[in-house]
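Trainee:
Protein chains in written order, with my numbering: chain A, 1 to 230; chain V, 1001 to 1099.
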């Protein structure tokens, strides 16, 4: 669930636009390079973007009596890094802000930062650390996607607490917003992690050469994963 | 096990649905007349902010006129994504089989 239209006062909405802008610019530059140098990765890019479309449209009931939706940006973060994931997130957030009045155009900068940049950055870092440490690939993808989802809403809570510290101060406001956003999100994050892990398995089965081309998995690891699945 | 991961994910989703049903029964039992549970987390946050006296300084310039139209657009968004995913995975599967 994104910050709604008009719910970030000045100067906060301008600040988050400025923070997100460089990531979008780098993301567009990286996309351009990807299109020119690694054309065979484009279908994978479309899958990552389509995943954000599907998952962020599913408002799921959590266990505490309220609904929220997963983000789906963890997959893009793992595969292409946070800057390209920011561009994918931006497209979906504009769609939702314009057609669905979900999120908003003035809060777009803040929402792109939480869903498109902060979450995917966590996914990217966990994936890199996990593969370097030789951890199980699917377990790593699960953690990366689930924590990216959860962290998105931790950042949303931080953004709202900064703008509305109220009488409780930043920490008091943060725990109030986190109780709404992050707690709702925990079960959804686990489901999202599991679904993205499954999709990653299918990519390994069907198109492993793209993963080596993007330097995500070594050929020996792919060999091992495919043998384990056979 | 060939489909071990699929079975594990399916089991997780079934548990998720079962916990929802149990929780829903508990919540519905305590709900008063006219109250509705399972609202959006963003709406709850908005209520919390508005309780402090804040007025949103701008409104969405267009909002879906009813819940039905809104769910149509959300379903459309999911369908667009699902078509792309299905097309590409199908294309990959097909090109593996023929080479």
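Beta carbons: idealized from backbone N, C-alpha and C, even for Gly.
Only a predicted model underlies this, so the values are computations on that prediction, with no experimental measurement involved.
1) At the level of alpha carbons, what is the spacing between residue 128 of chain A and residue 54 of chain A?
2) Can residue 57 of chain A and residue 1077 of chain V be called in contact, C-beta distance under 7 Å?
3) Comparing the C-beta of residue 112 of chain A with each C-beta of chain V, is any distance below 7 Å?
4) When we look at the beta-carbon of residue 96 of chain A and count the other beta-carbons within 10 Å, is it buried (16 or more) or exposed?
5) In this structure, does DSSP put residue 1012 of chain V in helix, strand or coil?
6) Taking only three categories from DSSP, how would you classify residue 211 of chain A?
7) Taking only the alpha-carbon atoms, compute the straight-line gap between residue 30 of chain A and residue 1071 of chain V and give it to the nearest angstrom.
8) Between the Cα of residue 1064 of chain V and the Cα atoms of A/50, A/49, A/101, which residue gives the shortest distance?
9) Could you say if the segment 193 to 209 of chain A and the segment 130 to 142 of chain A meet the contact criterion of at least three C-beta pairs nearer than 8 Å?
10) For residue 106 of chain A, would you say it is in contact with chain V, using Cβ-to-Cβ distances shorter than 7 Å as the test?
11) What's the gap between the Cα of residue 153 of chain A and the Cα of residue 186 of chain A?
12) What residues from the segment 1019 to 1034 of chain V come within 8 Å of chain A, judged by C-beta to C-beta, listed N to C?
13) Cutting at 8 Å between CB atoms, please list the residues of its own chain near residue 28 of chain A, excluding the five before and the five after it.
14) Within the 7 Å Cβ cut-off, does residue 1098 of chain V reach chain D?
15) If you measure from the CB of residue 1024 of chain V, is any heavy atom of the ligand SAM nearer than 6 Å?
16) Going by CA-CA distance only, name the one from V/1017, V/1018, V/1038 that's closest to residue 1027 of chain V.
17) Would you verify that the beta carbon of residue 214 of chain A is, or is not, closer than 7 Å to some beta carbon of chain V?
Mentor: The short version:
1) Sequence index remark: in the first chain, residue 128 of chain A carries index 128 (1-based). Sequence index remark: in the first chain, residue 54 of chain A carries index 54 (1-based). Annotation: residue 128 of chain A to residue 54 of chain A spans about 25 Å, alpha carbon to alpha carbon.
2) On the first chain, position 57 is the one that residue 57 of chain A refers to. On the second chain, position 77 is the one that residue 1077 of chain V refers to. Residue 57 of chain A is a Cβ neighbour of residue 1077 of chain V, given a cutoff of 7 Å.
3) The residue you call residue 112 of chain A lines up with position 112 of the first chain. Contact of residue 112 of chain A with chain V is not assigned, every C-beta pair being separated by 7 Å or more.
4) Indexing the first chain from 1 puts residue 96 of chain A at position 96. Its Cβ being crowded by 16 or more others within 10 Å, residue 96 of chain A is buried.
5) As a working mapping, residue 1012 of chain V is identified with position 12 in the second chain. Three-state DSSP puts residue 1012 of chain V in a helix.
6) Residue mapping note: residue 211 of chain A aligns to position 211 of the first chain, counting from 1. Residue state, collapsed to three classes: helix.
7) Mapped onto the first chain, residue 30 of chain A falls at position 30. Mapped onto the second chain, residue 1071 of chain V falls at position 71. In this model, residue 30 of chain A and residue 1071 of chain V are separated by some 35 Å (Cα to Cα).
8) In the second chain, the residue the question calls residue 1064 of chain V occupies position 64. Minimum Cα distance to residue 1064 of chain V is reached at A/101.
9) Flag = yes, the segment 193 to 209 of chain A and the segment 130 to 142 of chain A touch.
10) Looking up residue 106 of chain A in the first chain gives position 106. Cβ-Cβ to chain V under 7 Å: yes for residue 106 of chain A.
11) Within the first chain, numbered from 1, the residue matching residue 153 of chain A stands at position 153. Within the first chain, numbered from 1, the residue matching residue 186 of chain A stands at position 186. The straight-line gap from Cα to Cα measures roughly 10 Å.
12) Per Cβ criterion, the list reads 1019, 1020, 1023, 1024, 1027.
13) Taking the first residue of the first chain as position 1, residue 28 of chain A is located at position 28. Scanning its chain for C-beta atoms nearer than 8 Å, with the 5 sequence neighbours on each side dropped, one finds around residue 28 of chain A the residues 87, in chain order.
14) Absence of chain D from the displayed structure is noted, the protein chains being A and V.
15) In terms of ligand content, the structure shown is empty, and the ligand SAM therefore cannot be addressed.
16) In the second chain, counting from the first residue as 1, residue 1027 of chain V sits at position 27. Nearest C-alpha to residue 1027 of chain V: V/1038.
17) Counting from one through the first chain, the residue named residue 214 of chain A turns up at place 214. So, not an interface residue.
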